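Student:
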Amino acid sequence: MQQYNFDEIVPRKGTNCLKHDALEQFFNSANALPLWVADMDFKTPDFIVDAIKKRAEHEIFGYTFRPDSYYEAVINWMSRRHQWDIKKEWISFSPGVVAGLTYAIESFSKPGDGVIVQPPVYFPFFDSVKGTNRKMIENPLKKENGRYTFDLEDLKSKIDENTKLLLLCNPQNPGGMVWTREELVALTAICLENDIMIISDEIHSDLIYNGHKHIPLASISEEVAQNCMVSMAPSKTFNVAGLTSSLVIIPNKRKLAAYERTIGVGHLGMGNIFGSVALEAAYTHGDEWLEQLLDYLWGNYQLLEKFVQEKLPRVKVMKPEATYLIWMDFSDYGMKNDELAKFTVEKAGVALNDGGRFGIGGDGFLRLNIGCPRSVLQEALERLEKAFA
């Protein structure tokens, strides 16, 4: 069995890498440790790189389509990893998960319709709703026993006849929740009763820690499957976000046709040669690499948890059930969001995501990315300790 080296530090500066090369633009600091953007500082696994190289050797990169082997890889991955049986005819394309969510909003609602979001949540959700001229309905999550859960009473109180969609982050970003079957059943029951379609962002669904299981929304029941769209990608799991290759799964034929009409307007369905090659390789050969990655990421989290408990006791950490993104509560220091993020960069030399960007409930929080070599995480934690001491 091949052992993968996640301790290796790979220089990324000078590669037009957003995470490293855009620090000056976003943080006014070119030398901060970048633990912000949700991609990892690990090499993309060799089986993906080799597949891309093999395709590149052909030396012609014309118009393309996705072969049967692409769909078989997706179907088999969903079956192996999530015990979810899907069909080829349910699968469509998106250049990215956020793009897919936006096309879904355009496909399944009209300007002025209500779209529910559940903050604190991945901030592009807000952009997708506002940018398509829909009415944003905020249904904030509530905190129970150290984790977020749905506030169903608040949800029911905010639904009206013009509420058409709910954007679900499953698993949840930034909190790292893996929604349980019971939580999803309760949420979907309300949506079914009110004819609200759910658009489920499941991009982090492969990054699940021991003791938890991801439930694809469309696997809840046939009724739910006919009333939802699931959006997935290998980008977070295998560090291939720059290849812009995502997929959507829509079991309802009428809804799938509506989505494909929307992407068809921009002739977006063809996709990217190398993105499709990478996705097929990832979903065909990626199991062992993923298991080793998850072990390493959990080791990183354990390091962070112990360090914070001992050295930064005023900081509260939400224990992740999924993702390599850690939601950290610095509110005990009494700083406003912009002040907190600025202090972290200027005094600690660490670039983190400002919790305020994630909406209601994000005040006083920072999001930290542990998808990096352990030595880098250790240095970042030591810098934070020195700054916040």
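Sequential numbering of the sequence shown, starting at 0, is according to numbering that gives the first Met the number 0.
Glycine residues also receive a C-beta, built at the ideal position from the N, C-alpha and C atoms.
Since we're looking at a predicted model, the values are computed, not measured.
1. Alpha carbon to alpha carbon, how far is ASP454 from GLY174?
2. Whose CA, out of PRO312, LYS254, LEU186, MET228, lies closest to the CA of LYS155?
3. Please list the terminal residues of the continuous alpha helix (DSSP H) segment that includes GLY99.
4. Can you tell which of VAL375, SER234, GLY360 has its C-alpha closest to the C-alpha of ALA350?
5. Helix, strand or coil for GLU137 per DSSP?
6. Three-state secondary structure (DSSP) at MET77?
7. For LYS310, which residues of its own chain have a beta-carbon under 7 Å away from its beta-carbon, when the five flanking residues on both sides are left out?
8. Any idea what DSSP makes of ASP337, helix, strand or coil?
9. Which of helix, strand or coil does DSSP assign to CYS371?
10. Write down the C-beta distance between ILE369 and LEU303 rounded to the nearest angstrom, noting that I regard them as a contact closer than 8 Å.
11. Leaving out five residues on either side along the sequence, give the residues of the same chain with a beta carbon under 8 Å from the beta carbon of ASN30.
12. Which whole-angstrom value describes the C-beta separation of PHE395 and MET327, a residue pair presumed to lie in contact below a C-beta threshold of 8 Å?
13. For ASN113, does the three-state DSSP call read helix, strand or coil?
14. If you follow the beta strand (DSSP E) that ASP328 is in, where does it begin and where does it stop?
15. Which residues share a DSSP beta bridge with PRO118?
16. To the nearest angstrom, how far is it from the Cα of LEU293 to the Cα of GLN24?
17. Comparing C-alpha positions only, which one of VAL247, ALA277, VAL307, VAL314 sits nearest to ILE90?
18. Mind checking which residues open and close the beta strand (DSSP E) that includes VAL316?
19. Provide the residue span of the alpha helix (DSSP H) that contains ARG253, from first to last.
20. What does the alpha-carbon distance come out to for the pair MET269 and ARG65?
21. Under 9 Å between the Cβ atoms of THR343 and ALA388?
22. Does the stretch 272-283 touch the stretch 52-72, meaning 3 or more C-beta pairs lie closer than 8 Å?
23. For ASN299 versus CYS371, is the C-beta spacing smaller than 9 Å?
24. Kindly indicate the opening and closing residues of the beta strand (DSSP E) around ARG180.
25. Measure the CB-CB distance between TRP76 and GLY285 and report whether it falls below 9 Å.
26. Could you tell me which of LYS109, LYS142, GLU88, ILE104 sits nearest to PHE125, measuring between CA atoms?
27. Can the beta-carbon of ARG373 be found less than 9 Å from the beta-carbon of PHE5?
28. Any idea what DSSP makes of GLU7, helix, strand or coil?
29. Starting from the C-beta of LEU151, find all residues in its chain whose C-beta is less than 8 Å away, skip the five residues before and the five after it, and write them out in chain order.
30. Restricting to Cα atoms, I'd like to know which of PHE107, PHE46, SER244, PRO10 is closest to ASN251.
31. Assuming LEU289 and THR243 make a contact with CB atoms under 8 Å, what is their CB distance in whole Å?
32. Buried or exposed for TYR121, please, with buried defined as at least 16 other CB atoms from any protein chain shown within 10 angstroms of its CB.
33. Using a Cβ-Cβ cutoff of less than 8 Å, which residues in the same chain neighbour ILE359 once the five nearest sequence positions on both sides are dropped?
34. By alpha-carbon positions, which one of MET135, THR43, GLU182 ends up nearest to GLU143?
35. In whole angstroms, what separates the C-alpha of THR322 from that of ARG11?
36. Let me make sure I understand the geometry here. Which of TYR295, PHE329, PRO33, ARG79 has the alpha-carbon closest to that of VAL307?
Tutor: Walking through what the data contain:
1. Summary: the structure shown does not reach residue 454, with the chain confined to residues 0 through 388, and so no result is reported for it.
2. LEU186
3. 96-107
4. VAL375
5. strand
6. helix
7. GLU384
8. helix
9. coil
10. 6 Å
11. LEU22, GLY348
12. The structure shown does not extend to residue 395, since the chain is modelled only from 0 through 388, so no value can be given for it.
13. Per the sequence shown, the amino acid found at residue 113 is Gly instead of Asn. In the structure shown, GLY113 sits in a strand (DSSP, three-state: E or B).
14. 324-328
15. Bridge partners of PRO118: none, in fact.
16. 32 Å
17. VAL247
18. 315-317
19. 252-264
20. 8 Å
21. no
22. yes
23. yes
24. That residue, ARG180, is in no beta strand (DSSP E); its alpha helix (DSSP H) goes 180-192.
25. yes
26. ILE104
27. yes
28. coil
29. ALA185, LEU186, ILE189
30. PHE107
31. Wrong, their Cβ atoms sit about 21 Å apart, outside the cutoff.
32. buried
33. PRO118, PRO119, GLU137, PRO139
34. GLU182
35. 22 Å
36. PHE329
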